[in-house]
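Those sequence lines, one after another, are chains A and B.
Residues in the first sequence are numbered from 63 upward in steps of one, following the numbering used here.
Residues in the second sequence are numbered from 63 upward in steps of one, following the numbering used here.
C-beta atoms are modelled at their ideal positions from N, C-alpha and C, and glycine is treated no differently.
All of these numbers come straight from a predicted model, not from anything done at the bench.
One structure is given here, and the rest of the page talks about it.
There are 2 protein chains.
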Amino acid sequence: MNKKTRQQYEARAKIAKAMAHPSRLLMLDLLQNQEMCVGDLTNEVGADQSTVSKHLAVLKDVGLIDVRKEGALSYYRVTCGCLDGFFMCLESVLKTDVELRKTTLK
Amino acid sequence: MNKKTRQQYEARAKIAKAMAHPSRLLMLDLLQNQEMCVGDLTNEVGADQSTVSKHLAVLKDVGLIDVRKEGALSYYRVTCGCLDGFFMCLESVLKTDVELRKTTLK
DNA sequence: TGCAATGATGGCAATATTGCCATGAATAAG
DNA sequence: CTTATTCATGGCAATATTGCCATCATTGCA
């Protein structure tokens with residue numbers, strides 16, 4: 063395993079890791095349909111404002127979302143159009159696993 | 063945010079979290095093309111055998127991979143056919159982000 | 001200018017993840 | 001039966017993540 067390959071997987075893992083949190087998945091879902099400011103997101107997520115702000119920073123750091131500042135408000139939005147494929151994969155795994163557990167009772 | 067919705071996002075996040083590690087992403091990549099046993103995977107990943115075994119347990123726990131035991135060997139393979147969409151999304155985010163950094167020098 | 005609203009950041013404790021070593025369980029070979 | 005091979009698991013220390021509180025910077029408004 064050469065160094066370049068490992069770095070590629072680390073870069074991918076960093077993005078996956080940014081998505082791997084229930085609140086952040088919810089936020090991505092919301093921001094895919096509409097631009098939202100931190101206050102609105104805070105209400106939806108139901109956590110402290112500072113917590114939401116840090117989640118947003120994580121998503122922004124890997125380039126999944128972007129900000130547009132309008133006065134005192136910060137409007138966030140999803141930058142890439144590929145999230146549906148991502149979410150569908152998660153759903154597919156969930157569904158498959160439920161089926162398996164139904165039939166084999168593992 | 064009701065309880066059922068939160069649980070759905072937690073279930074999705076659990077799967078995303080299972081994928082969110084460079085070694086596990088590599089292993090998923092490898093296991094998508096071919097069945098492999100723990101020893102071979104250990105060589106590819108370049109970590110301790112016990113470490114690889116635990117990574118495999120994480121992936122198996124969320125239903126991303128499955129095992130077939132043949133004597134003393136354990137052959138692992140990917141169970142779902144949706145991983146390409148997942149990986150393509152990661153690549154897309156990476157690529158977009160690189161472009162942005164090129165043009166805006168943020 | 002003074003004050004409220006918005007959101008970003010430092011700090012910190014609780015929790016989770018990671019990776020190795022040592023060891024255990026199961027199978028294969030001699 | 002003895003020994004080697006394969007891989008799973010307990011334990012544990014190092015590290016990373018998470019979430020809240022307190023606080024700061026910026027903007028809008030009176």
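Which residues, in chain order, does the region 64–96 of chain B contribute to contact with chain A at a C-beta distance below 7 Å? Of all residues in the region 64–96 of chain B, only R68, Y71, E72, A73, R74, A75, I77, A78, K79, M81, A82, H83, P84, L87 and L88 come within less than 7 Å of chain A when Cβ atoms are compared, listed by chain position.
Margin query: Under DSSP, the beta strand (DSSP E) around L126/A begins and ends at which residues?
Written below: Locating residue 126/A in the first sequence gives position 64, counting from the first residue. Secondary structure note for L126/A: it is in no beta strand (DSSP E), with a DSSP letter that is neither H nor E.
Q. When you compare only the Cα positions, how much space is there between D128/B and V140/B?
A. On the second sequence, residue 128/B is found 66 positions in, with the first residue counted as 1. On the second sequence, residue 140/B is found 78 positions in, with the first residue counted as 1. C-alpha separation (whole angstroms): 6 Å.
(Q) Taking only three categories from DSSP, how would you classify C41/A? (A) Chain A is shown from 63 up to 168; residue 41/A falls before or after that span and cannot be answered.
Whole-number beta carbon distance between G147/B and M150/A, since they are thought to touch under 8 Å
As a first step, residue 150/A must be located in the first sequence, where it is residue number 88. As a first step, residue 147/B must be located in the second sequence, where it is residue number 85. Yes, M150/A and G147/B are in contact; Cβ-Cβ is about 6 Å, under 8 Å.
Can you look up E72/B in the DSSP assignment and give me helix, strand or coil? Residue mapping note: residue 72/B aligns to position 10 of the second sequence, counting from 1. Three-state result, E72/B: helix.
Less than 9 Å separating the beta-carbons of K116/B and A82/A? As a position in the second sequence, residue 116/B is number 54, starting the count at 1. As a position in the first sequence, residue 82/A is number 20, starting the count at 1. Cβ distance not < 9 Å, so K116/B and A82/A don't count as in contact.
task = For Y71/A, verify whether its CB is less than 8 Å away from any heavy atom of the ligand GTP.
result = Ligands in the displayed structure: none, and consequently the ligand GTP is not present.
Under a CB-based cut-off of 9 Å, is E132/B close to chain A?
Residue mapping note: residue 132/B aligns to position 70 of the second sequence, counting from 1. Cβ-Cβ to chain A under 9 Å: no for E132/B.
Going by other Cβ atoms of all chains shown within 10 Å of its Cβ, with 16 needed for buried, is V160/A buried or exposed? Counting from one through the first sequence, the residue named residue 160/A turns up at place 98. Classification of V160/A: exposed, given that the 10 Å Cβ count is below 16.
Item to check | Of the residues K76/A, L152/A, K131/A and Q70/A, the one placed nearest G143/B, counting alpha carbons only | outcome: The residue you call residue 143/B lines up with position 81 of the second sequence. Nearest C-alpha to G143/B: L152/A.
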